[in-house]
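Rendered as structure tokens:
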């Protein structure tokens with residue numbers, strides 16, 4: 001630390017800002033990695049499992065349709081999720097005010113990895129749990145049976161995945177405390193990012209020309225119910 005001001009209050013403020021920055025880097029990375037790991041697992045497991053499920057549950061299904069169903073999300077959908085849905089909340093997490101006990105903690109070890117025990121738990125258990133739920137929703141439509149089923153399955157998966165990731169962004173503000181403890185509305189930029197991402201998602205789901213581009217249709221009530229339940 002370089003002291004440009006010998007006022008003790010300035011030192012305390014500098015330490016607080018340093019701890020906030022470190023914590024926010026952890027939140028930012030953990031949130032993005034969580035979402036990306038989950039997306040990779042969903043795509044990989046769909047590719048591996050769809051051919052076997054199709055032969056088992058729907059013998060005689062069209063081979064070309066099975067190949068299409070193995071691609072759970074299109075490239076455009078994945079880009080949208082990563083650039084818009086994940087990106088805005090992640091940036092907002094980078095300016096989060098921090099935990100209430102921020103200045104009560106012991107100093108961390110200089111060589112301590114940013115991937116601490118709590119981060120590793122979030123990067124393993126949470127993506128696996130989300131992946132299981134999302135694949136259940138996707139497979140429930142039996143997307144290998146018809147083009148309409150595939151459209152329904154992708155719409156369901158796309159909607160549920162985004163609902164999950166936006167909800168996780170809100171809970172990602174602290175590794176230690178529930179959202180009520182850290183102050184649910186202290187980070188107004190996070191709420192702005194979440195609502196903006198959700199509004200953009202509604203445009204994708206309900207505007208006809210954009211629906212075609214993203215290979216989705218207007219969600220049914222059951223689609224929103226499942227998305228809300230998963231979130």
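Numbering (this note's numbering), first residue to last: 1 to 231.
Every residue, glycine too, gets a C-beta built ideally from N, C-alpha and C.
Rounded separation between residue i and residue j - CA only
{"i": "residue 266", "j": "residue 97", "result": "Look at the range of the chain in this structure, 1 to 231, and you will see that residue 266 is not part of it."}
{"i": "residue 107", "j": "residue 81", "result": "37 angstroms"}
{"i": "residue 193", "j": "residue 92", "result": "7 angstroms"}
{"i": "residue 214", "j": "residue 147", "result": "15 angstroms"}
{"i": "residue 46", "j": "residue 178", "result": "33 angstroms"}
{"i": "residue 66", "j": "residue 201", "result": "27 angstroms"}
{"i": "residue 223", "j": "residue 85", "result": "18 angstroms"}
{"i": "residue 190", "j": "residue 63", "result": "44 angstroms"}
{"i": "residue 24", "j": "residue 17", "result": "10 angstroms"}
{"i": "residue 239", "j": "residue 117", "result": "The shown model of the chain, from 1 to 231, leaves out residue 239, and the question about it has no answer."}
{"i": "residue 100", "j": "residue 227", "result": "31 angstroms"}
Contacting residues, own chain, Cβ-Cβ under 6 angstroms from residue i (five flanking each side not counted)
{"i": "residue 151", "result": "217"}
{"i": "residue 30", "result": "119 and 122"}
{"i": "residue 204", "result": "210 and 214"}
Residue i CB to nearest heavy atom of the ligand NAP below 6 angstroms
{"i": "residue 184", "result": "This structure lacks the ligand NAP, and indeed carries no ligand of any kind."}
The alpha helix (DSSP H) enclosing residue i, as first and last residue numbers
{"i": "residue 63", "result": "63-69"}
{"i": "residue 147", "result": "147-171"}
{"i": "residue 201", "result": "188-206"}
{"i": "residue 77", "result": "75-80"}
{"i": "residue 86", "result": "From DSSP, residue 86 is part of no alpha helix (DSSP H); its letter is neither H nor E."}
{"i": "residue 234", "result": "Residue 234 lies beyond the residue range present for the chain, which begins at 1 and ends at 231; the question has no answer from this structure."}
{"i": "residue 106", "result": "Residue 106 -> no alpha helix (DSSP H), and no H or E assigned at all."}
{"i": "residue 177", "result": "Run containing residue 177: none; DSSP gives neither H nor E here."}
{"i": "residue 222", "result": "221-230"}
Residue i vs residue j beta-carbon contact at 7 angstroms
{"i": "residue 137", "j": "residue 160", "result": "yes"}
{"i": "residue 134", "j": "residue 42", "result": "yes"}
{"i": "residue 167", "j": "residue 231", "result": "yes"}
{"i": "residue 88", "j": "residue 197", "result": "yes"}
{"i": "residue 50", "j": "residue 75", "result": "no"}
{"i": "residue 144", "j": "residue 199", "result": "no"}
{"i": "residue 77", "j": "residue 139", "result": "no"}
Cut-off 7 angstroms between Cβ atoms - residues of its own chain near residue i, not counting five sequence neighbours on either side
{"i": "residue 171", "result": "179"}
{"i": "residue 141", "result": "149, 152, 153 and 156"}
{"i": "residue 28", "result": "90, 93 and 94"}
{"i": "residue 127", "result": "34, 37, 38 and 41"}
{"i": "residue 182", "result": "99, 100, 173 and 174"}
Same chain, Cβ closer than 8 angstroms to residue i, five either side skipped, listed in chain order
{"i": "residue 20", "result": "96, 97, 98 and 102"}
{"i": "residue 185", "result": "191"}
Does the pairing of the region 52-60 with the region 100-114 give three or more beta-carbon distances under 8 angstroms? In short, these stretches do not touch, since the Cβ pair count stays below three.
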